[in-house]
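Some notes on the structure that comes next.
Now the structure itself:
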């Protein structure tokens, strides 16, 4: 399981940095933690979680995320959850 950061530098080159990594075991909690400094003049930053070699039917939960630094605007993607047993959209 890894936390990664995508950003674009001043020359327009995209960079994919690994912020933190840990081996995850099914049914157990894993903590990912590291200090990461965003490079000066980086733009288009996206922080995401990746599970290499994960199957499409695997679930994982993320909690207690802390991002500290200068105040910035954060845009979140809309999402929804569906209960396939009843066929209804949860939220």
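Residue numbers (this note's numbering): 329 to 419. For each residue, glycine too, the CB sits at the ideal point set by N, CA and C.
Assigned secondary structure, residue i (DSSP; H/G/I helix, E/B strand, else coil)
| i | result |
| --- | --- |
| residue 374 | strand |
| residue 389 | coil |
| residue 349 | strand |
| residue 359 | coil |
| residue 395 | coil |
One or two residues paired with residue i in a DSSP bridge
| i | result |
| --- | --- |
| residue 336 | 342 and 371 |
| residue 284 | With the chain represented from 329 up to 419, any question about residue 284 goes unanswered, as that position is not in the structure. |
Through-space distance from residue j to residue i, alpha-carbon basis
| i | j | result |
| --- | --- | --- |
| residue 404 | residue 347 | 20 angstroms |
| residue 349 | residue 380 | 11 angstroms |
| residue 336 | residue 398 | 19 angstroms |
| residue 342 | residue 334 | 7 angstroms |
| residue 364 | residue 351 | 19 angstroms |
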